[in-house]
Ligand code: GDP
Ligand code: IMO
Ligand code: MG
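Numbering (our numbering), first residue to last: 16 to 462.
Quick look at the structure:
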């Protein structure tokens, strides 16, 4: 039997590109979804027949009962947030039994991670990142510092007790000294987390083994990224990034599947650009046009509700994402948000000190020197919402997509024309390569 097909879904910008929707469309035929990085800082929205689901830790395949879902070892798991999300899904009638697994090697977020993050975000002299305040950064710090707690340890009651006692003593001292924080109660924490561990236990597996066995049996896997390329700890706009490997390489280390098992990398980009939190954003709009994009695109964070910063599509940035991730297919989402425009500026190049360059600065301050070179494309000024074939798109919209293809060197395989699963254009060659049908419905029942 030949190995199952695989595809990585990666955010090509600064997150919130519409990864949740794309994963949902692919699970029409893919059998497993494996989330490889981040934590409940992510907010992935899926809309099915008008019904909206926001997923944070649980992979998008949960909305198809026949799909298996894995939270990989690269994820930082807040057990309380996980149980809350699972309870909310159950309330909505979603099946969460026997189809959702957590890696025994995933790292655990504990309350002192939030305490440390809160302190450092507000500390004088520290760079304020504008994080989601979920404890993500400090949890990854403990992982790399080899003092983290893994899910397997969470289930080991005696180890959990000792870990919490020691960690609380240390973190309380540091947080008091640096930020004058109130100390956390280790005993209370142990009680809460040992109770949570009992509920988490049935989900825990050696998921690297599970995934590799599934592949050998011919099962197909979508690797679900969180955040985006420019938020990657190594390749993003450091230090204004998250603390994990959001790029496609993270799919390998974050799940335990070898690089030789990755067939395709699919980059997701909005037809324009957004970012939440602080940090560089060369094509940002700070005027009424930016506000209009925010309003039309409903650009408010799915997790924190913060208004997202908005701007034009940035092709040098997408070329960079293409190189770092090995993107062969692009999915362009939210095309309908540009329907009102008669003219659309596209950032086609960067100039630094008057010289054209495609090199992404290694320092955040390097972005201050960037001057975007814009090309104005004619807008279509016509509704595209819900359009399902390329032919039905206005000519100017097709030309807009063609320019993105030409300038990034990636093929556009899918276009999203609205939040709903059905509001999707699938390009025949993309469908053929990924084994998708023309209809976005699955054989199975949806919630
Ligand atoms: P993710 O984090 O990459 O999964 O993206 P989010 O879910 O955070 O943000 C994308 C937002 O855009 C969600 O509210 C989606 O429902 C919405 N969305 C996705 N595709 C489209 C589209 O083609 N058009 C419109 N208008 N909204 C879309
Ligand atoms: P999805 O998966 C957009 C941003 C935060 C902040 C920075 C660091 O929905 O695309 P963190 O809490 O991770 O330490 O914050 O990263 N950020 C996101 N922005 N979408 C996300 O996830 C994000 N996850 C984190 O706003 O600027
Ligand atoms: Mg999001």
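Backbone N, C-alpha and C fix where the C-beta goes; we use that ideal spot for every residue, glycine too.
Alpha-carbon spacing of residue i relative to residue j, whole angstroms
| i | j | result |
| --- | --- | --- |
| residue 281 | residue 354 | 25 angstroms |
| residue 351 | residue 370 | 34 angstroms |
| residue 208 | residue 366 | 52 angstroms |
| residue 419 | residue 433 | 19 angstroms |
| residue 458 | residue 426 | At residue 458 the pLDDT is 37, less than 50, meaning the model places this residue with poor confidence and gives no usable figure here. |
| residue 247 | residue 333 | 14 angstroms |
| residue 225 | residue 398 | 45 angstroms |
| residue 289 | residue 146 | 16 angstroms |
| residue 323 | residue 299 | 11 angstroms |
| residue 368 | residue 386 | 8 angstroms |
| residue 331 | residue 429 | 21 angstroms |
| residue 273 | residue 23 | 13 angstroms |
| residue 187 | residue 348 | 45 angstroms |
| residue 49 | residue 204 | 30 angstroms |
| residue 424 | residue 141 | 39 angstroms |
Residue i: CB within 7 angstroms of a non-hydrogen atom of the ligand IMO
| i | result |
| --- | --- |
| residue 137 | no |
| residue 241 | yes |
| residue 34 | yes |
| residue 246 | yes |
| residue 149 | yes |
| residue 97 | no |
| residue 255 | yes |
Collapsed DSSP secondary structure at residue i in the structure displayed
| i | result |
| --- | --- |
| residue 463 | Any answer about residue 463 is impossible in this case: the structure gives the chain only from 16 up to 462. |
| residue 254 | coil |
| residue 97 | helix |
| residue 304 | helix |
| residue 441 | strand |
| residue 316 | coil |
| residue 435 | strand |
| residue 51 | coil |
| residue 451 | coil |
| residue 284 | strand |
| residue 147 | coil |
| residue 128 | helix |
Supposed contact pair residue j and residue i - C-beta distance, whole angstroms, cut 8 angstroms
| i | j | result |
| --- | --- | --- |
| residue 240 | residue 51 | 7 angstroms |
| residue 90 | residue 53 | 7 angstroms |
| residue 362 | residue 329 | 4 angstroms |
| residue 122 | residue 158 | 5 angstroms |
| residue 124 | residue 168 | Not really, about 13 angstroms apart at Cβ, beyond 8 angstroms. |
| residue 436 | residue 111 | 20 angstroms between Cβ atoms; not a contact. |
Closer than 7 angstroms: residue i CB and nearest the ligand GDP heavy atom
| i | result |
| --- | --- |
| residue 259 | no |
| residue 312 | yes |
| residue 427 | no |
| residue 28 | no |
| residue 350 | yes |
| residue 432 | yes |
| residue 60 | yes |
Pull every residue with its beta-carbon under 5 angstroms away from any heavy atom of the ligand MG, and keep them in chain order. Screening all residues for a C-beta within a distance smaller than 5 angstroms of any heavy atom in the ligand MG leaves 31, 58, 317, in chain order.
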